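Residue numbers (the working numbering): 13 to 135.
Here it is as structure tokens:
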């Protein structure tokens, strides 16, 4: 199987950055594009802070290519209004991913080897 698109759900956490690092390594080896998607929560449809929140996220996403491990990797960055993680794959562009690389954190013990969101994706 050839990799063309690697999807990384990204929340700016250390765990997500580790997943992005793995995706970058795979992309370099395969020539794939890394698609970074950030799910954001809109406060309400008419809340005045919504635009500010989106702008802050966009600014953070624009800074990502400066990370040294992303040098030479083709990136696409997306923001999607909060939805269920599994619903994310109904998005036409993201459903094209050949591979999903995502972090896991917050759980403990053997059961914690794969986080709850990762478990939802696998199912």
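For glycine and all other residues, C-beta sits at the position ideal for the given N, C-alpha and C. Nothing here was measured: the structure is a model prediction, and the numbers come from that model.
| query | From residue 49 to residue 79, what does the alpha carbon distance come to, in whole angstroms? | reply | Their backbone Cα atoms lie some 16 Å apart in a straight line.
| request: Express the C-alpha separation of residue 31 and residue 18 in angstroms, rounding to a whole number. | output: In this structure, the CA atom of residue 18 is about 11 Å from the CA atom of residue 31.
| request: To the nearest angstrom, report how far apart residue 64 and residue 70 are at their CA atoms. | output: So the two alpha carbons sit approximately 10 Å from each other.
| task | Use the C-beta contact count for residue 109: other C-beta atoms within 10 angstroms, 16 or more gives buried, fewer gives exposed. | result | A residue is called buried once 16 or more other Cβ atoms fall within 10 Å of its Cβ, and residue 109 is buried on that count.
| If you compare alpha carbons, which of 85, 113 and 51 is closest to residue 91? | The residue with the shortest Cα to Cα distance from residue 91 is 51.
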